[in-house]
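**Q** Under the working numbering, residue 336 is the last one in the sequence shown; the count climbs by one each step, no gaps.
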Amino acid sequence: MKTIKFKSLVKVPVCAALLLAFLVAASSAAVAQSATPVPKLDPARLIGTYYEIARYPIRREKSCLANEMVLYALGDKKNTLQIVTTCEVKDGNSNSSNYAGKFDKSGDGKIKLGWIWPFAKKYWVLDLAPDYTWALVGTPNHKSLWILSRAVPLAPEVLVEIETKATAQGFNAAKLVKIVQR
Numbered sequence: 155m156k157t158i159k160f161k162s163l164v165k166v167p168v169c170a171a172l173l174l175a176f177l178v179a180a181s182s183a184a185v186a187q188s189a190t191p192v193p194k195l196d197p198a199r200l201i202g203t204y205y206e207i208a209r210y211p212i213r214r215e216k217s218c219l220a221n222e223m224v225l226y227a228l229g230d231k232k233n234t235l236q237i238v239t240t241c242e243v244k245d246g247n248s249n250s251s252n253y254a255g256k257f258d259k260s261g262d263g264k265i266k267l268g269w270i271w272p273f274a275k276k277y278w279v280l281d282l283a284p285d286y287t288w289a290l291v292g293t294p295n296h297k298s299l300w301i302l303s304r305a306v307p308l309a310p311e312v313l314v315e316i317e318t319k320a321t322a323q324g325f326n327a328a329k330l331v332k333i334v335q336r
């Protein structure tokens, strides 16, 4: 017959309690800082050219050095859009990508973009200037974030305001990379 030491029985419940406390704290923090799309998005006002002012580093834009732009255009079908991104790369040439997307039927800031059917990614317009001169766009999982503006440069106090709004939605503004616009 085996004997069980008292110490090992105490360790298991203590470890389990600590793990449970950590998980509860982590889930509370995630709920407190969840991303929320704008409640109403006017697709007709969103169309046009925006300049990337800042963004999280992402693999597909790693080769981009400057002059990153995003063009939003309404699609041929209801609630659809086309997005073209372009930037200057190392050899002085341009790199561009084209995406097809859909606005959410609810009319809020949720957008699904795809580049190869049937794969799509969720992007949310998290905040907008009342006149649509700037936009804060990110993913609900907090892995991607962009600050876009219709004109460059964006006033420093406006950039700070947008970064504060991003932080309030659970994004880390310190991770933003500023984009050179010439």
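The beta carbon of each residue, even a glycine, is placed where N, CA and C say it ideally should be.
What is the rounded straight-line gap between the Cα of Pro-310 and the Cα of Thr-234?
**A** Between Pro-310 and Thr-234, the C-alpha separation is close to 33 angstroms.
**Q** By alpha-carbon positions, which one of Val-314, Ala-322, Pro-197 ends up nearest to Ser-337?
**A** Outside the modelled stretch of the chain, which goes from 155 to 336, sits residue 337, for which no answer is possible.
**Q** Label Ser-303 either buried or exposed according to how many other C-beta atoms from any shown protein chain fall within 10 Å of its C-beta, with 16 as the threshold for buried.
**A** It counts as buried.
**Q** Measure the C-alpha to C-alpha separation of Pro-272 and Lys-264 and round it to an integer number of angstroms.
**A** Rounded to whole angstroms, Pro-272 to Lys-264 spans 18 angstroms at the Cα level.
**Q** Whose C-alpha, out of Trp-278, Val-279, Lys-256, Asp-262, is nearest the C-alpha of Gly-268?
**A** Comparing Cα-Cα distances from Gly-268 to each of Trp-278, Val-279, Lys-256, Asp-262, the minimum goes to Lys-256.
**Q** Whether or not the region 320 to 336 and the region 214 to 227 are in contact is what I'm after, with contact meaning three or more pairs of Cβ atoms, one per stretch, closer than 8 angstroms; do they touch?
**A** Touching, yes, given that three or more Cβ pairs across the two stretches are closer than 8 angstroms.
**Q** Secondary structure at Lys-232, three-state DSSP: helix, strand or coil?
**A** Coil at Lys-232, not helix or strand.
**Q** Ignoring anything shorter than 3 residues or poking outside the region 230 to 296, list the beta strand (DSSP E) runs there in chain order.
**A** With a minimum length of 3 residues, the continuous beta strand (DSSP E) runs that stay inside the region 230 to 296 are 234 to 243, 248 to 257, 264 to 270, 273 to 282, 288 to 292.
**Q** Alpha carbon to alpha carbon, how far is Tyr-226 from Thr-293? Give it in angstroms, no decimals.
**A** Taking the straight line joining both Cα atoms gives about 17 angstroms.
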